[in-house]
Every structure is written in C-alpha cells, then in structure tokens.
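Colleague: Please see the structure below; I have some questions.
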Amino acid sequence: MSTAALLGQDPGWLILVKGLLIFVFCVVCTLMAVWGERRIVARMQMRLGPNRVGKFGLLQALADGVKLALKEDLIPAAADKVVFIIAPIISATTCFMAFAVIPFTGTVTLFGHKTAMQLTDLPVSVLYILAIASVGVYGIVLAGWSSGSTYPLLGGLRSSAQVISYEVAMGLSLVAVFIYSGSMSTSEIVAAQHKWWFSVILFPSFVIYVISMVGETNRAPFDLAEAEGELVGGFHTEYSSLKFALFFLAEYVNIVAVSALATTLFMGGYHALPGLTFTESWLGGWFTLFWFIAKVVSFFFLFVWLRGTLPRLRYDQFMKFGWKVLIPTSLVWILILASLRVMSQRAVSRMIVLGFSVGVVLLVMLVTTMYDRTTAKAKAAAVLPDLPPPSFPIPALPGQSTVNHLTIEQTQVVTELENHNG
Amino acid sequence: MADEAKSFSQQLLGFWVTFATMFKKVNTVQYPEVKEPTAERFHGRHQLNRYEDGLEKCIGCELCAWACPADAIYVEGADNTEEERFSPGERFGQVYQINYLRCVFCGLCIEACPTRALTMTNEYELADDDRAKLIFEKDDLLAPLRQGMIAPPHPMYPDSSHLNYYKGEITGSHPSQVQEEEK
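Quick note, the sequences are listed as chains A and B, same order. Per this note's numbering, the very first residue in the first sequence carries number 60; after that it's consecutive. Per this note's numbering, the very first residue in the second sequence carries number 132; after that it's consecutive.
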C-alpha cells in the first residue's frame, strides 16, 4: 500500500493530532536550534556560549522568547498598521506549512492506527513546498514596505530579490530529482531512494540545492538582508516584541524546513544509513524518526558551520553567483540528465550512452579551456594606461617605482631657481 | 584555473580551522564562580596603611588629592594632640574620601604619597547600586588591624619620634601599651 493510500485512511482526529505534533516539533526544533547554534558557534570561537539558564543553558531560547513577549510592542507612526501586523503572521504561518508533506517516518502505529508520520501526501507536494516558500516571501516584502522606513524597505527588497533568485536555482535542482524519481510526491521520492540516495547519483543537483537553500533562508554567508553594517536589522528593523519573535521563529523553522526537504529529496528521508537498514523496523518503525532527525540536525550543523566560517558576500557578487553560475549550471546539468534518462528509457545501446557521456565531458573541458584562454588574454591585454603623473602624491601602482613624482618636480624647480639666483 | 582551484582549496581549509577550534580549550572564565587572580601589580581599590603599632601613616598632606587628575580624592588634615594621636608627627588625615565614580586608577596618588600611606590593592569588584555608596570614606579605606596593632588614637612608641616610625624602626606595639589596651 502506498503512503498516500495509507494516509487517506486517517480519521479526522488523527490528522489533528499529527498537525499538533508537527507544530510542537517545529517550535521545539526552533528553541533547540537557537541554543545549539549559539553553543556551536561559541565553540568555534573558543567561547562557551549560553550555559546559565537550565541544564547546559538548554532553556536559554525559551527565556529569550518569554522576555521578547513581555517587551513593549512598538508600531512606528509612519507604518501602514494593518500590513505591518499581517506581515509577521504571513511569515510565521507559511513556514510551518511546508512540514505538512514531509515524511517523518515510515509506516508506524499511532494510537492503534496504522499510518505514517506525514500530515498529507500530494502528487505535487514538492511544488506545494516551493509555492508556500514563495508566499513566505510576501511576509518579508510587506514587512519591509509597511515599516515606513528606509532601511527596512531596502532590506526587504534585498531579501525578496535574494529568495526569488535562489528559488529559481533551487527549483531547477529539484527538477533532476523529479526526472529520476518520476514523481513529485515526497513519499514516493523517498521510496525511490531506497537503493541509492539522490545526493550520490545527482551530486551536482545536491550541491546546487544546498547552496540555494542557504540563500533561500537568508543565512550566513548570504545574510545580506540583515547586513548590520549596511541595513541595521533589514526588514525587521522596526519590529519589536512578539512580532519580532514571529520573524525569528519563521527564520529558524524555515531552516529546519529546507533541511527537512534536503533530507527528504537527497538524503533518503527517514531511511537508515546504508548498511543499517535493519534498524528501520526497531520500535515498530518509529526508529526511522531518529534517522530523519539525525539527518536534519546534520544539515543544521552545516548551516552553523557555514556561519562560523564564511564572511558575508557582497550583494552584487551574490546575485552574480546565483544568476550566472548556479542557474546555467543546473540548466546544463538537467539537459544532460534528461538526455541520459531518455536514452535509458528507450533502451539505447550502451555504446551510444558512453559516447554521449564522453562527448559531454570533452565539451565541458573544451569550454573551460577556452574560457581560461580568453581570461588569460584579457589579463595580458589589460596594460595600465600611460597617464601623465598626477599633481598630488599617490601610492605606487604594482610595477611602478615608489619615487614620488611631485617631489622630483619640486626638487627640479628648486634647483633651477637656485641656479638662476646663484 | 589552477589559481582558482588553489584559492578554493584554501577556502576549504577555513572550514577545517573552525571545525578544529570546536575541540580546543575555551578561553571563557566563568566569572562570578571562578575568579582568576589579577596581575600582581594590578591597580585596584586603594588602602590607607598603618605602622606596625597601629598608628596611621597618613599625615593629611593632600599631595594625593593634588596629584589626582580626576579630582577624585578629598582630604582634610587636622592636628594630632597628646591626648588624641592618630599618626606619628604633627598632622593626620581627619577626613579622607575617594570617589570611585571619578577615579581612573592611574596610581599617580600612590606616587605622590610621601609616607607610603596610600597604596592600591588588587580588589576590582567596585560595582554598586547607589552613587553615594561609591564614595569611600576613611573607615572603608583603612587597612585592617593586624596582630600586635592597637587602634588609634594612642600615644607613639615610648622614647621615639616620627623619624623612627618613618625609618621603619618601630616593629610593633610596646608591651606597656598592650597592657593598657587590655584593661
């Protein structure tokens, strides 16, 4: 029986229970993620991080949340009040919705019902996730716009541009998964990875997805929307109290959501690591939840690691990377992949497939060498223009002597004057 | 291409740095629970010292107050009498205040002090919730009485002058003074 059919038998109350469990999972994940991130980043900087509230500081995020809720709720006079209030609600609700189609476990028994820990299964569930993520951008745009202030507006524009651009690359990287699994349903994609994870056979797609998921969630090194030195706090500069807490929650739930999606689409979902498949039947199938969470947590660690290691990108470089590197690369990769897929479906002889692969490799090598040659030529051609020396002292350019032109001229003038007088 | 590959591998090296740092010893000191000793000559709270028999070293000359760049010290001197003697010699510091809201802990007062009455301790926990509490009076600053010291006012060591005190020849209270104190 397929997961979709299994989920179709769920009574109404079970769906409610699952919805509640997913909500609790997301909120607890956020609390733990905030704490975990601060502790891990602190370790990377030879600090301890929060360790005061509760055992190991585990309740730090909870304490911060309570503090935030008790703060004064300010709404700027220039703000568009209704939109200002709606924006964080949009952000916080859409981020939870992606979890509806994420399979947390395989077939399990919950309150005597045979089911799977997945709220619902759509034939187009991955498209649904992309759509929800796009709706989430409205929260950011509207927050920036309704604040009635310059920096939030710029921050909102930046992050919406960023999220939209990287969503293109993300969508393209997912196409490869669709081609290989032959489905857009998350549970079927997980089932299709029973033998080989897509992160192995579709490695380029996986890399593109991982990069674009960092861009999608506005996280370091792509956290340009919150570039403190340039934009104060970005789109949520004017937000305080619970409305700010909602944005905070949305950011972390989004991180967990893209990690969960990465797990589902590329890392075999709730399946055990290769060689440990026997663990999947432990605890009546519930042990698969452990594998799912373990994979999500390792993705989260990647997020934190990136934040601890890389400096923030410049905005134009970031956009250039998204549009001129990620998107063309994934387009070419999909083209190659689709051709290979069609060949295997039509049962083309192995020699032709081999010839095609070799041809692709040769073509890539040809293009890169040509690119290298042209850049080398451009470098050689770029000779410094022969300008007259400026009338003010300047530091020497590479290859120039450090002698100051002005002082030479001055000494000449001085000696001439002396000769004239003497 | 070779340069790009090299720079990329160097960027990957950065990931190793942060990863390896996670397992290094942390620098954090868990302050209120764990207190690391300060440097030996750390400039902390001031102390007004005493001679070995308990008489105060301060002569109320105000040189510390004049040396202070932050105007944090206030001194009022007064005359010692034969009945009430606080320090050997003519004068003593009757009022002595240091305002720790102004003090910059430069130590110029210590350099100015002619009798080494004023020195600094290593104590640095000088925070409080009231501005008035941070103006330290003479009682707050005076060094505690050690073994063999008698609280002033009391007469000088028999058959001695302030010069004997100054040269460090007085090493404790006279037995007769101790007996009188015990009565």
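Built from N, CA and C at the ideal position, the CB exists for glycine as well.
In the stretch 141–221 of chain A, which residue ranges form an unbroken alpha helix (DSSP H) of at least 4 residues, counting only runs that do not cross its ends?
Modeller: 184–205
Colleague: List the whole-angstrom C-beta distance separating Ile248/A from Leu324/A, where the pair is believed to meet the contact cut-off of C-beta under 8 Å.
Modeller: Translated into positions along the first sequence, residue 248/A becomes position 189. Translated into positions along the first sequence, residue 324/A becomes position 265. Yes, they are in contact, since the Cβ atoms of Ile248/A and Leu324/A sit about 6 Å apart, within 8 Å.
Colleague: At 8 Å on the CB atoms, spell out the chain B contacts of Gly367/A, in chain order.
Modeller: Stepping through the first sequence from its first residue, residue 367/A is reached at position 308. Residues of chain B passing the Cβ test: Thr149.
Colleague: How far does the beta strand (DSSP E) with Leu179/B in it reach, from first residue to last?
Modeller: As a first step, residue 179/B must be located in the second sequence, where it is residue number 48. Run containing Leu179/B: His177 to Leu179, per the beta strand (DSSP E) assignment.
Colleague: Which bits of chain A does Thr152/B rub up against, with CB to CB less than 9 Å?
Modeller: On the second sequence, residue 152/B is found 21 positions in, with the first residue counted as 1. Residues of chain A passing the Cβ test: Arg102, Met103, Gln104, Met105 and Gly367.
Colleague: Closer than 8 Å by beta-carbon distance: list the chain A residues that pair up with Asn158/B, in chain order.
Modeller: Numbered from its first residue, the second sequence carries residue 158/B at position 27. The answer, in chain order, is Met105 and Arg106.
Colleague: Mind checking who Asn478/A pairs with in its DSSP beta bridge?
Modeller: Sequence index remark: in the first sequence, residue 478/A carries index 419 (1-based). As far as DSSP is concerned, Asn478/A takes part in no beta bridge.
Colleague: Please check if any C-beta of chain A sits within less than 8 Å of the C-beta of Gly145/B.
Modeller: Taking the first residue of the second sequence as 1, we reach residue 145/B at position 14. Taking Cβ atoms only, chain A reaches closer than 8 Å to Gly145/B, which makes this a yes.
Colleague: Helix, strand or coil for Asn110/A per DSSP?
Modeller: Along the first sequence, read from residue 1 onward, the residue named residue 110/A stands at position 51. Asn110/A: coil per DSSP, three-state reduction.
Colleague: By the criterion of Cβ-Cβ separation under 8 Å, what are the contact partners of Trp364/A in chain B?
Modeller: Position 305 of the first sequence, counted from the start, is the residue given in the question as residue 364/A. Under the 8 Å cutoff, chain B gives Phe146, Thr149 and Phe150.
Colleague: Measuring straight from C-alpha to C-alpha, what distance separates Gln218/A and Leu308/A?
Modeller: Counting from 1 along the first sequence, the entry for residue 218/A is found at position 159. Counting from 1 along the first sequence, the entry for residue 308/A is found at position 249. Reading the sequence as shown, one finds Ser at residue 218/A and not Gln. Pairing Ser218/A with Leu308/A, the inter-Cα distance amounts to about 17 Å.
Colleague: Could you check whether Gly220/B and Val206/B sit closer than 8 Å to each other, using their CB atoms as the reference points?
Modeller: Numbered from 1 along the second sequence, position 75 holds the residue referred to as residue 206/B. Numbered from 1 along the second sequence, position 89 holds the residue referred to as residue 220/B. Contact flag unset, no.
Colleague: Could you tell me whether the Cβ of Lys155/B comes closer than 8 Å to any Cβ of chain A?
Modeller: As a position in the second sequence, residue 155/B is number 24, starting the count at 1. When Cβ-Cβ separations below 8 Å define contact, Lys155/B makes contact with chain A.
Colleague: In angstroms, rounded to a whole number, what distance separates the CA positions of Leu129/A and Gly108/A?
Modeller: Start at 1 with the first residue of the first sequence, and residue 129/A comes out as number 70. Start at 1 with the first residue of the first sequence, and residue 108/A comes out as number 49. Straight-line spacing of the CA atoms in Leu129/A and Gly108/A works out to 24 Å.
Colleague: Locate the beta strand (DSSP E) running through Leu249/B, then write down its first and last residues.
Modeller: Numbered from 1 along the second sequence, position 118 holds the residue referred to as residue 249/B. First-last of the beta strand (DSSP E) with Leu249/B: Leu249 to Met251.
Colleague: Per DSSP, what are the beta-bridge partners of Phe267/B in this structure?
Modeller: Sequence index remark: in the second sequence, residue 267/B carries index 136 (1-based). Its beta-bridge partners are Ile229/B.
Colleague: Going by DSSP, what residues sit across from Ala435/A in a beta bridge?
Modeller: Looking up residue 435/A in the first sequence gives position 376. Answer is none; Ala435/A lacks a bridge partner.
Colleague: DSSP has Glu187/B in a bridge; who is on the other side?
Modeller: The residue given as residue 187/B occupies position 56 in the second sequence. According to DSSP, which records beta bridges pairwise, Glu187/B is partnered with Arg181/B.
Colleague: Ala441/A to Val157/B, Cα distance in whole Å?
Modeller: What you label residue 441/A is simply residue 382 of the first sequence in a count that begins at 1. What you label residue 157/B is simply residue 26 of the second sequence in a count that begins at 1. Roughly 49 Å separates the two Cα atoms.
Colleague: Just to confirm before moving on: does the CB-CB distance between Val236/A and Phe257/A stay below 8 Å?
Modeller: The residue you call residue 236/A lines up with position 177 of the first sequence. The residue you call residue 257/A lines up with position 198 of the first sequence. In this structure, Phe257/A lies closer than 8 Å to Val236/A by Cβ.
Colleague: Report the rounded CA-to-CA distance for Ala101/A versus Lys166/B, giving the unit in angstroms.
Modeller: Position 42 of the first sequence, counted from the first residue, corresponds to residue 101/A. Position 35 of the second sequence, counted from the first residue, corresponds to residue 166/B. About 21 Å.
Colleague: Give every residue of the same chain whose Cβ lies closer than 6 Å to the Cβ of Pro147/A, excluding the five residues on either side of it in the sequence, and list them in chain order.
Modeller: As a first step, residue 147/A must be located in the first sequence, where it is residue number 88. Here Pro147/A has Lys302, Leu305 and Phe306 as same chain residues with Cβ atoms under 6 Å from its own Cβ, once five neighbours each way along the sequence are excluded.
Colleague: In three-state DSSP terms, what is Asp134/B?
Modeller: Walking along the second sequence from the start, residue 134/B turns up at place 3. For Asp134/B, the three-state secondary structure derived from DSSP is helix.
Colleague: Could you spell out where the alpha helix (DSSP H) holding Val266/A opens and where it closes?
Modeller: In the first sequence, counting from the first residue as 1, residue 266/A sits at position 207. Counting along the chain, the alpha helix (DSSP H) containing Val266/A begins and ends at Phe262 to Glu275.
Colleague: Please list, in chain order, all residues of the same chain as Ala243/B whose beta carbon is under 6 Å from its beta carbon, the five residues on each side excluded.
Modeller: Mapped onto the second sequence, residue 243/B falls at position 112. Answer for Ala243/B: Leu194, Cys195 and Ala198, listed in chain order.
Colleague: Below 8 Å on the Cβ atoms is my contact criterion, and I expect Thr164/A with Tyr329/A to pass it. Report the Cβ-Cβ distance as a whole number of Å.
Modeller: If you number the first sequence from 1, residue 164/A lands on position 105. If you number the first sequence from 1, residue 329/A lands on position 270. With 8 Å as the limit, Thr164/A and Tyr329/A qualify as a contact, their Cβ atoms being about 5 Å apart.
Colleague: From which residue to which residue does the alpha helix (DSSP H) around Gly67/A run?
Modeller: Here residue 67/A corresponds to residue number 8 of the first sequence, with the count starting at 1. It spans Thr62 to Gly67 - the alpha helix (DSSP H) in which Gly67/A sits, taken as one unbroken run.
Colleague: Hey, out of Ala175/A, Ala122/A and Ile453/A, whose CA is closest to Ser246/A's CA?
Modeller: Translated into the one-based positions of the first sequence, residue 246/A becomes position 187. Considering only alpha carbons, the answer is Ala175/A.
Colleague: What residues in its chain sit with their C-beta under 8 Å from that of Ala220/A, if we drop five residues either side in the sequence?
Modeller: Your numbering for residue 220/A matches position 161 in the first sequence. Cβ within range, chain order: Met378.
Colleague: What are the start and end residues of each continuous beta strand (DSSP E) run of 3 or more residues lying completely inside the stretch 316–390 of chain A, in chain order?
Modeller: none
Colleague: Would you be able to state if there are at least three C-beta pairs under 8 Å between the stretch 119–136 of chain A and the stretch 175–191 of chain B?
Modeller: no
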